[in-house]
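Peer 1: The structure under discussion is supplied below as structure tokens; questions concerning it will follow.
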Amino acid sequence: MSQSYDELLDQAQARASLNLRVKVLLVDSLGLEIQAELIGDDQPLFGRGLELDSLDTLEIVVMFEEHLSVTISDDDRAAFGSVNKLVDFVVAALGEIPRVEALA
Amino acid sequence: MSDDLIGADGRKLTFDANQIRDLLPHRWPMLFVDRAYDVIPGKSGYGIKNVTVSEPYFAGHYPDQSIMPGVLIVEAMAQLTAVVYASAWKEEVADSDEVDTAGRVGYLGAIRQMKFNRLVVPGDQLILKAELGKAFGTLTPVTVQASVGNELVAKGSLTVTERGSGGGNGLQ
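Chains as they are written, first to last, in numbering that gives the first Met the number 0: chain A, 0 to 103; chain B, 0 to 171.
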């Protein structure tokens, strides 16, 4: 599949916007005391990463349904690995990169 | 409100105080659902809590002014939630009387959001409502509401846990 430079750039920008949007949603809905921009795309969400726990997973599930219209089920636990994995899941579920506002 | 045990569509159940004691581990003075009605097992339901001046907590909350503590309203909502999901377990094994629902009822995992609009005082009949969201593992989000007559008392959302058969607190 060949894509023009502009198309690739557009996709990359859409993906970056979505990653940042997810980070902002995480910070807002979980009350994290960290700036969204400082969360790494591949930083682990649990344990030593962002130190989330199982109650936070449910918060993320509800938040994704509300804001991104994507349902994460109990079988999709791998999606909670990192911001990138969450966003990969959203893109796979929707079949495209949803266009979101870059900044909240 | 329907006094029938089973509603018109055959799916809405009513539980009196005795049946609620069968489902929940709670007992006086911490059992706060007098009756549950229009219960769709595993999905939603309504509950009644009649508030009387004899409630033990009014002795201290407060000596000069009886007000039902907000956290106990939340507890009542959580207990109704437990009735809604415990009734679903009961249905799963309809033929067996040996189901230990009280042992599976978990804990309050989170008060995700709650707002209180009106004081609850002796004489009030609290109408509770609970609507369960999609469970994620042993965690279930639930939207809850309490009202007296037409007046909204409190509204919010909770997370409740289910204790697995192996014990534990339902958190992973």
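Positions of the beta carbon are idealized from the N, C-alpha and C atoms, including for glycine.
The structure presented is a predicted model; accordingly, all values stated were derived computationally and were not measured.
If you check the beta carbons only, do L23 (chain B) and A101 (chain B) fall under 7 Å apart?
Peer 2: Yes, they are a contact pair.
Peer 1: Bridge partners for T139 (chain B) per DSSP, in chain order?
Peer 2: DSSP output for T139 (chain B) lists B:V159 as bridge partner(s).
Peer 1: Measure the CB-CB distance between S156 (chain B) and R111 (chain B) and report whether it falls below 7 Å.
Peer 2: In contact: S156 (chain B) and R111 (chain B) (Cβ atoms closer than 7 Å).
Peer 1: Between the C-alpha atoms of D3 (chain B) and M29 (chain B), what's the straight-line distance to the nearest angstrom?
Peer 2: Confidence at D3 (chain B) is low in this model, with a pLDDT of 44, below 50, so its placement is unreliable and no value can be given for it.
Peer 1: For A15 (chain A), which of A:L29, A:G39 and A:Q2 has the nearest alpha-carbon?
Peer 2: That would be A:G39, whose Cα lies nearest to the Cα of A15 (chain A).
Peer 1: Pull up the DSSP beta-bridge partners for I214 (chain B), would you.
Peer 2: The question about residue 214 (chain B) has no answer here: the residues shown for chain B are numbered 0 through 171.
Peer 1: How far does the beta strand (DSSP E) with M113 (chain B) in it extend, from its first residue to its last?
Peer 2: From DSSP, the beta strand (DSSP E) with M113 (chain B) extends over V104 to F115.
Peer 1: Starting from the Cα of E50 (chain A), find the closest Cα among A:I33, A:F63 and A:H66 and give me that residue.
Peer 2: For E50 (chain A), the nearest C-alpha among the options comes from A:I33.
Peer 1: Report yes or no: is there a C-beta of chain A within less than 7 Å of the C-beta of G6 (chain B)?
Peer 2: Since pLDDT at G6 (chain B) reaches only 45, below the 50 mark, its modelled position is unreliable, and no value is offered.
Peer 1: Which value, in whole angstroms, describes the spacing of the CA atoms of L44 (chain A) and G105 (chain B)?
Peer 2: Taking the straight line joining both Cα atoms gives about 26 Å.
Peer 1: Within 10 angstroms of the Cβ of P40 (chain B), are there 16 or more other Cβ atoms? Answer buried if so, exposed if not.
Peer 2: Buried, by the Cβ-count rule.
Peer 1: What residue range is occupied by the uninterrupted beta strand (DSSP E) comprising F14 (chain B)?
Peer 2: Residues L12 to F14.
Peer 1: Go ahead and label V52 (chain B) buried or exposed: buried means 16 or more other beta carbons lie within 10 angstroms of its beta carbon, across all protein chains shown.
Peer 2: With fewer than 16 other Cβ atoms within 10 Å, it is exposed.
Peer 1: What residue from A:R20, A:S53, A:D52 and A:G46 has the CA that sits closest to L37 (chain A)'s CA?
Peer 2: Nearest C-alpha to L37 (chain A): A:R20.
Peer 1: Work out the CA separation of S3 (chain A) and A145 (chain B) for me, nearest whole Å.
Peer 2: If you take the alpha carbons of A145 (chain B) and S3 (chain A), they lie about 57 Å apart.
Peer 1: What whole-angstrom Cβ distance do A75 (chain B) and K114 (chain B) have, given they're in contact under 8 Å?
Peer 2: Contact doesn't hold; Cβ gap of about 16 Å is too wide.
Peer 1: Using a threshold of 7 Å, state whether the C-beta atoms of L17 (chain A) and V86 (chain A) are closer than that.
Peer 2: Yes, these two residues count as a Cβ contact at 7 Å.
Peer 1: Return the CA-CA distance between K22 (chain A) and D75 (chain A), expressed in angstroms with no decimal places.
Peer 2: Approximately 19 Å between the Cα atoms of the pair.
Peer 1: Which residues, taken in chain order from the segment 77–111 of chain B, show a beta carbon closer than 9 Å to some beta carbon of chain A?
Peer 2: The residues in question are G108, A109 and R111.
Peer 1: N18 (chain A) by DSSP, collapsed to three states: which one?
Peer 2: Three-state DSSP puts N18 (chain A) in a helix.
Peer 1: Quick one: what's F45 (chain A) bridged to in DSSP?
Peer 2: Bridge partners of F45 (chain A): A:L51.
Peer 1: Check A35 (chain A) in the structure and name its three-state DSSP category.
Peer 2: If DSSP states are grouped into helix, strand and coil, A35 (chain A) belongs with the helices.
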